[in-house]
Amino acid sequence: MKLLLTSILLLINFNFSTHKFYVSVTDIEYNENTTSLQIISRVFADDLEDVLTKRFGVPVVLLPDNESDNVEKWIKKYINQKFSLSIPNQEINLKFIGKRYEDDRVYLYIEAENISAFNQISVENLILTDLFEDQKNLVHLTHENKTKSSVLTLDKSSHTFMF
2 MKLLLTSILL LINFNFSTHK FYVSVTDIEY NENTTSLQII SRVFADDLED
52 VLTKRFGVPV VLLPDNESDN VEKWIKKYIN QKFSLSIPNQ EINLKFIGKR
102 YEDDRVYLYI EAENISAFNQ ISVENLILTD LFEDQKNLVH LTHENKTKSS
152 VLTLDKSSHT FMF
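In short: position in the sequence shown from 1, add 1, done, that's the numbering used here.
See below:
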């Protein structure tokens with residue numbers, strides 16, 4: 002009985018001391034046929050909900066069957082403030098295409114059209130860093146059948162990929 006009680010107490014202490022990880026994953030792929038950058042960013046729904054509510058001062062609910070009005074407007078505005086791409090001598094306009102819910106995540110679909118061939122691109126990703134100082138934004142970029150990755154944080158919010 003003592004052993005069982007001790008095991009339960011240790012398990013309870015372990016559960017309370019675990020730390021939540023704050024991470025997003027963004028995949029960027031250059032499509033030569035359509036001369037576009039296709040972007041999918043995966044974030045936790047509750048974290049995105051919290052940051053949108055705090056940033057814009059409106060209650061935001063991200064549930065497939067019960068989402069707040071104007072959610073896409075707030076997501077689009079937030080993405081434009083916190084995520085950007087730059088290529089030398091090219092203007093890049095990001096277009097929020099839409100979103101999809103899966104379990105506790107939201108998949109954000111973004112596109113940049115009319116992108117000429119390039120050998121250098123910079124990515125800045127500050128998504129959720131205004132809510133969580135220890136937020137990590139993993140970025141995978143695929144170009145010319147090569148994938149390169151970087152981890153972006155509040156202190157190192159951008160990275161330049163060379164191909």
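The C-beta atom is built at its ideal place from N, Cα and C for all residues, glycine as well.
All values reported here derive from a predicted model rather than from experimental measurement.
Of the candidates Lys157, Thr143 and Leu132, the residue whose Cα lies closest to the Cα of Phe22 is Leu132. Exposed is the label assigned to Lys55, since fewer than 16 other Cβ atoms lie within 10 Å of its Cβ. Runs of the beta strand (DSSP E) lying entirely within the region 67–137, each at least 3 residues long, are 84–87, 96–103, 106–113 and 121–126 in chain order. Going by beta carbons, Ile93 and Ile111 fall outside the 8 Å limit. Residue state for Asp156 is assigned as coil, using DSSP reduced to three classes. For the pair of segments examined, the region 35–46 was found not to touch the region 145–163: the number of CB pairs separated by less than 8 Å stays below three. A distance of 8 Å or more separates the beta carbons of Glu68 and Val59. For a cut-off of 8 Å, the C-beta gap from Leu95 to Ala113 is around 6 Å, short enough to register as a contact.
Listed as beta-bridge partners of Leu142 by DSSP are Ile29 and Lys149.
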